[in-house]
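Single-structure report; data block below.
There are 2 protein chains.
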Amino acid sequence: MNKASEKNKSGGLRGVEAGSTAICTCGHEGRGLDYRGYSIAELAARGSFAETAHLLLKGELPKESELADFHLRLHSLRGAPAAVCAALENIPAKAHPMDMMRTACSVLGTVEPESENAAERAKGQDALAERLLAFFPGALGYWHRFVCDGKGPESGFISGEKEESVAAQLLRLITGKEPPPEHIRAMDVSLTLYAEHEFNASTFTARVVAATLSDMYSAVCAAIGALRGPLHGGANEAAMALVEQFATPEEARKGVGEMLDRREKIMGFGHAVYTIEDPRNRIIKEIARELSQNHPRGHLFAVSEAVEEMMRERKNLFPNLDFYSAAAYHFMGVPTPLFTPLFVVSRMSGWGAHILEQRTDNKLIRPGARYTGPSSRSFVSISER
Amino acid sequence: MNKASEKNKSGGLRGVEAGSTAICTCGHEGRGLDYRGYSIAELAARGSFAETAHLLLKGELPKESELADFHLRLHSLRGAPAAVCAALENIPAKAHPMDMMRTACSVLGTVEPESENAAERAKGQDALAERLLAFFPGALGYWHRFVCDGKGPESGFISGEKEESVAAQLLRLITGKEPPPEHIRAMDVSLTLYAEHEFNASTFTARVVAATLSDMYSAVCAAIGALRGPLHGGANEAAMALVEQFATPEEARKGVGEMLDRREKIMGFGHAVYTIEDPRNRIIKEIARELSQNHPRGHLFAVSEAVEEMMRERKNLFPNLDFYSAAAYHFMGVPTPLFTPLFVVSRMSGWGAHILEQRTDNKLIRPGARYTGPSSRSFVSISER
Numbered sequence: 001m002n003k004a005s006e007k008n009k010s011g012g013l014r015g016v017e018a019g020s021t022a023i024c025t026c027g028h029e030g031r032g033l034d035y036r037g038y039s040i041a042e043l044a045a046r047g048s049f050a051e052t053a054h055l056l057l058k059g060e061l062p063k064e065s066e067l068a069d070f071h072l073r074l075h076s077l078r079g080a081p082a083a084v085c086a087a088l089e090n091i092p093a094k095a096h097p098m099d100m101m102r103t104a105c106s107v108l109g110t111v112e113p114e115s116e117n118a119a120e121r122a123k124g125q126d127a128l129a130e131r132l133l134a135f136f137p138g139a140l141g142y143w144h145r146f147v148c149d150g151k152g153p154e155s156g157f158i159s160g161e162k163e164e165s166v167a168a169q170l171l172r173l174i175t176g177k178e179p180p181p182e183h184i185r186a187m188d189v190s191l192t193l194y195a196e197h198e199f200n201a202s203t204f205t206a207r208v209v210a211a212t213l214s215d216m217y218s219a220v221c222a223a224i225g226a227l228r229g230p231l232h233g234g235a236n237e238a239a240m241a242l243v244e245q246f247a248t249p250e251e252a253r254k255g256v257g258e259m260l261d262r263r264e265k266i267m268g269f270g271h272a273v274y275t276i277e278d279p280r281n282r283i284i285k286e287i288a289r290e291l292s293q294n295h296p297r298g299h300l301f302a303v304s305e306a307v308e309e310m311m312r313e314r315k316n317l318f319p320n321l322d323f324y325s326a327a328a329y330h331f332m333g334v335p336t337p338l339f340t341p342l343f344v345v346s347r348m349s350g351w352g353a354h355i356l357e358q359r360t361d362n363k364l365i366r367p368g369a370r371y372t373g374p375s376s377r378s379f380v381s382i383s384e385r
Numbered sequence: 386m387n388k389a390s391e392k393n394k395s396g397g398l399r400g401v402e403a404g405s406t407a408i409c410t411c412g413h414e415g416r417g418l419d420y421r422g423y424s425i426a427e428l429a430a431r432g433s434f435a436e437t438a439h440l441l442l443k444g445e446l447p448k449e450s451e452l453a454d455f456h457l458r459l460h461s462l463r464g465a466p467a468a469v470c471a472a473l474e475n476i477p478a479k480a481h482p483m484d485m486m487r488t489a490c491s492v493l494g495t496v497e498p499e500s501e502n503a504a505e506r507a508k509g510q511d512a513l514a515e516r517l518l519a520f521f522p523g524a525l526g527y528w529h530r531f532v533c534d535g536k537g538p539e540s541g542f543i544s545g546e547k548e549e550s551v552a553a554q555l556l557r558l559i560t561g562k563e564p565p566p567e568h569i570r571a572m573d574v575s576l577t578l579y580a581e582h583e584f585n586a587s588t589f590t591a592r593v594v595a596a597t598l599s600d601m602y603s604a605v606c607a608a609i610g611a612l613r614g615p616l617h618g619g620a621n622e623a624a625m626a627l628v629e630q631f632a633t634p635e636e637a638r639k640g641v642g643e644m645l646d647r648r649e650k651i652m653g654f655g656h657a658v659y660t661i662e663d664p665r666n667r668i669i670k671e672i673a674r675e676l677s678q679n680h681p682r683g684h685l686f687a688v689s690e691a692v693e694e695m696m697r698e699r700k701n702l703f704p705n706l707d708f709y710s711a712a713a714y715h716f717m718g719v720p721t722p723l724f725t726p727l728f729v730v731s732r733m734s735g736w737g738a739h740i741l742e743q744r745t746d747n748k749l750i751r752p753g754a755r756y757t758g759p760s761s762r763s764f765v766s767i768s769e770r
């Protein structure tokens with residue numbers, strides 16, 4: 001039995017190579033994360049989310065003129081047909097925002113379907129990935145404003161200056177006001193950190209769907225559904241629910257200690273792939289620290305650090321990206337239920353890249369199963385059961 | 386390297402055990418298919434789709450009183466909230482019916498969400514699987530009637546006698562008239578044949594989504610998206626498009642021969658799991674033969690047989706369930722674009738069983754990948770690219 005099969009003994013296909021990818025490496029030496037060869041630390045510190053999305057979708061970082069074109073294309077693709085606005089307005093205000101995102105994607109697919117013709121599909125698929133990247137911030141913003149204000153933004157989906165970044169667009173629509181530059185930069189880095197992560201559950205879902213040669217909307221709807229789960233994208237919301245229970249670091253240490261005594265699960269720690277640390281944590285933690293400085297609820301940073309200490313002392317677990325993302329988003333004024341939809345906006349860049357890659361050398365993904373059910377038995381007519 | 390790893394060399398996780406299941410065995414001795422230990426031949430010949438769905442969801446064939454209760458529960462769960470009807474009416478008439486099914490499921494999830502609380506979810510999940518089983522025939526029928534007649538059925542989703550089978554409900558809504566008993570029986574058998582198939586791509590997709598602890602609607606939306614692909618559920622539509630090109634068996638032999646000369650793919654033949662034959666084929670073929678007898682387009686059966694012969698002679702490939710399903714559905718008066726949505730109605734029973742099973746002993750499904758991209762490289766500022 002080789003190493004991969006040995007690992008898979010524990011289930012969940014852990015360590016089994018389900019395919020190949022040129023998009024990302026993750027978990028090398030227990031803590032590496034590279035997008036197409038570039039380290040996440042450099043991309044976050046010196047690049048932008050738009051550059052990162054271009055890198056993921058096109059394979060290379062853009063030159064200045066390419067980036068300007070990319071911005072203009074994304075801006076021109078922000079609009080939504082009336083049927084999508086109507087569908088968003090039809091969704092109950094109390095609905096889970098991820099159910100809204102999944103529905104928005106599904107409805108757009110009924111209105112602007114991908115061609116069923118292979119040649120036409122190949123011609124249009126790069127533009128469709130950009131379309132979805134440009135669509136989601138507006139969908140999230142439109143619905144959120146509709147729920148908050150009783151109507152969508154006056155400009156509908158198409159709003160903001162032509163050069164406006166996705167980060168600025170999101171914060172403007174979510175908070176309902178012009179965001180400060182430090183929030184825009186923080187959101188932009190966060191989007192870069194969440195953009196891509198190899199064969200994580202949602203991306204793998206998207207690839208399984210794409211491998212049936214289904215359309216891109218179906219693959220993305222499926223990925224949104226996977227990301228929605230608390231063992232995947234939902235973890236940052238759970239982290240927020242945890243830290244906001246505590247008023248002080250002392251309370252946090254005591255509270256988390258008691259939770260651990262009761263063997264309760266603390267979300268936002270450890271990782272299926274990283275064994276030493278999540279390389280994204282130190283970046284988002286620094287952002288959370290900076291944003292906490294002049295924030296009325298800035299104590300949540302110290303509370304988060306206390307939780308981190310307890311988890312290291314008691315469980316020897318490190319925080320993953322989700323943990324300090326919670327405090328960072330909170331300091332930017334993002335309501336907790338919108339944390340995972342922001343993850344959709346960002347991860348669409350990675351999903352798009354993986355769907356396109358899956359199509360280049362496709363094979364149906366169809367594993368086997370170990371049977372544990374009843375052995376062969378004879379049918380008994382209903383009157384004799 | 387063990388056998389599973391050896392097989393996976395060819396990609397697509399073929400032969401790799403991605404988990405365990407007590408629901409189905411498929412492909413044993415190259416041609417077996419059992420649902421919870423009962424052979425598909427016996428279930429199709431002596432049982433009904435309702436009994437099969439009960440078997441899949443509850444683990445056992447129902448007694449008479451249990452079956453009566455199951456019918457009543459399914460009938461009581463047929464309704465749809467106004468928001469779902471509005472959403473269906475909002476979908477373009479030209480939309481792909483699978484995009485409609487995916488959207489119908491997604492919208493229902495915004496209106497009747499599954500609880501996020503683990504205990505409440507566990508309490509309600511069996512009923513939710515039945516809800517979705519009962520919902521889809523009405524969704525398909527409502528939208529189809531709305532597109533055909535300019536309005537939904539007067540009774541909305543809730544229509545038909547309390548004892549009406551899903552097969553009868555479907556045919557009544559699709560054809561707009563009371564179906565003859567032989568069509569109802571044929572549809573019922575077809576639903577049994579399509580109900581379950583172990584870790585096929587859509588079911589595996591549903592399990593990957595469920596394994597993040599996401600909700601059942603997300604898992605089912607994802608499965609619909611996977612089933613939509615021509616390498617999965619879309620194959621019966623492709624088979625129909627093929628056979629209806631030919632007026633006679635001779636034309637069919639000639640036409641298929643030319644397609645094979647041009648190395649074109651013929652859908653509905655061979656299988657990822659069966660090596661000798663698809664055990665469902667002889668059942669659906671017999672049904673297609675019977676339905677062809679007095680049908681004005683009954684020649685399509687002889688045409689289908691000619692295609693089958695050519696594929697055996699030239700490629701040594703056997704027809705799978707999808708191939709004769711095409712002719713059978715056609716003879717029942719089902720328009721081709723509704724073939725795959727019927728598959729959704731049926732397979733919901735299997736998906737539901739697998740989602741419930743995945744939750745009983747859950748582990749996140751997160752495989753690895755073989756990296757083929759650029760090696761580590763240094764970030765270059767945009768002005769220097």
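Chains as they are written, first to last, in this note's numbering: chain G, 1 to 385; chain H, 386 to 770. All C-beta atoms, glycine included, are put in the ideal place defined by N, C-alpha and C. Keep in mind the model is a prediction, meaning the values are calculated, not measured.
Contacts that H:S604 makes with chain G (C-beta to C-beta distance below 7 angstroms):
The residue asked about is misnamed: residue 604 of chain H is Ala in this sequence, not Ser. Under the 7 angstroms cutoff, chain G gives G225.
In this structure, what does DSSP give as the bridge partners for G:F269?
G:P319
What does the alpha-carbon distance come out to for the pair H:A524 and G:V243?
43 angstroms
Residue range of the alpha helix (DSSP H) that G:R282 falls in?
N281 to S292
Could you tell me whether the Cβ of H:M733 comes closer than 8 angstroms to any Cβ of chain G?
no
Closer than 7 angstroms by C-beta to H:G619: which residues in its own chain qualify, once you throw out the five before and the five after it? Chain order, please.
R613 and T725
Around the C-beta of G:K285, are 16 or more other C-beta atoms found within 10 angstroms, so that it is buried, or is it exposed?
buried
Of all Cβ atoms in chain H, is any one closer than 8 angstroms to the Cβ of G:D188?
no
Going along the chain, which unbroken runs of the alpha helix (DSSP H) with 4 or more residues stay wholly within the region 398–455 of chain H?
425–431 and 434–443
Taking all protein chains shown into account, do 16 or more other C-beta atoms lie within 10 angstroms of the C-beta of G:P374, making it buried, or fewer, making it exposed?
exposed
How would you label G:G368, buried or exposed, when you count the other beta carbons within 10 angstroms and need 16 or more for buried?
buried
Closer than 7 angstroms between beta carbons: that is the criterion. Which residues of the region 82–108 of chain G meet it against chain H?
A83, A86, A87, N90, I91, P92, A95, H96, D99, M100, R102, T103, S106 and V107
Between G:V307 and G:E196, what straight-line distance do the alpha-carbon atoms span, to the nearest angstrom?
27 angstroms
Relative to the C-alpha of H:F531, which candidate in H:S599, H:E636, H:A471 and H:D419 has its C-alpha closest?
H:A471
Less than 8 angstroms between the beta carbons of H:H715 and H:M601, yes or no?
no
Report whether the distance from the Cβ of H:D484 to the nearest heavy atom of the ligand FAD is below 7 angstroms.
As for the ligand FAD, it is missing from this structure, which has no ligand bound.
So, using beta-carbon positions, are G:L33 and G:P279 closer together than 8 angstroms?
yes
Could you give the distance in angstroms between the alpha-carbon of G:G141 and the alpha-carbon of G:P153?
8 angstroms
What residue range is occupied by the uninterrupted beta strand (DSSP E) comprising G:G368?
G368 to Y371
Along chain H, which residues have their Cβ under 8 angstroms away from the Cβ of G:G270?
Correct list: empty, because the minimum Cβ distance to chain H is about 12 angstroms.
H:R458 and H:E546 closer than 8 angstroms at C-beta:
no
Where G:E163 sits in the DSSP three-state scheme:
coil
What residues from chain G crowd round H:T437, counting only those whose CB sits closer than 7 angstroms?
What H:T437 touches in chain G: nothing, since even the nearest Cβ is about 11 angstroms away.
When you compare only the Cα positions, how much space is there between G:L67 and H:F764?
16 angstroms
Taking only beta-carbon positions, decide if H:D600 is within less than 8 angstroms of chain G.
yes
From G:V256, G:H75 and G:E112, residue whose alpha carbon lies closest to that of G:S218
G:E112
Under 8 angstroms between C-beta atoms, does H:A711 make it to chain G?
no
Check for me: the alpha helix (DSSP H) holding H:P565 runs from which residue to which?
First-last for H:P565: undefined, no H or E at that position.
CB contact check: H:V617 to chain G, cutoff 8 angstroms:
The residue you asked about is not Val; residue 617 of chain H is His in the sequence shown. With 8 angstroms as the cut-off, H:H617 counts as an interface residue toward chain G.
Please check if any C-beta of chain H sits within less than 8 angstroms of the C-beta of G:K177.
no
Ignore the nearest five residues each way along the sequence and tell me which others in G:A386's own chain have a CB closer than 6 angstroms to its CB.
The structure shown does not extend to residue 386 of chain G, since chain G spans only 1 to 385, so no value can be given for it.
To be precise: take each residue of the region 390–422 of chain H, compare its Cβ to all Cβ atoms of chain G, and keep it if any distance is under 7 angstroms. Which residues remain?
S390, G396, G397, L398, R399, G400, V401, E402, A403, G404, S405, T406, A407, I408, T410, D419, R421 and G422
Rank G:I266, G:V208, G:R347 and G:G176 by C-alpha distance to the C-alpha of G:A53 and give the top, closest one.
G:R347
Residue from G:V208, G:W143, G:F49 and G:W351 whose Cα sits closest to the Cα of G:G176
G:W143
Please return the same chain residues whose Cβ sits closer than 7 angstroms to the Cβ of H:A389, not counting the five positions on each side in sequence.
In this prediction, H:A389 has a pLDDT of 46, which is less than 50 and means its spatial position is unreliable; what the coordinates show is noted afterwards. Excluding sequence neighbours, H:A389 sits near G400, V401 and E402.
Determine the extent of the alpha helix (DSSP H) in which G:K254 is found, giving its start and end residues.
P249 to D261
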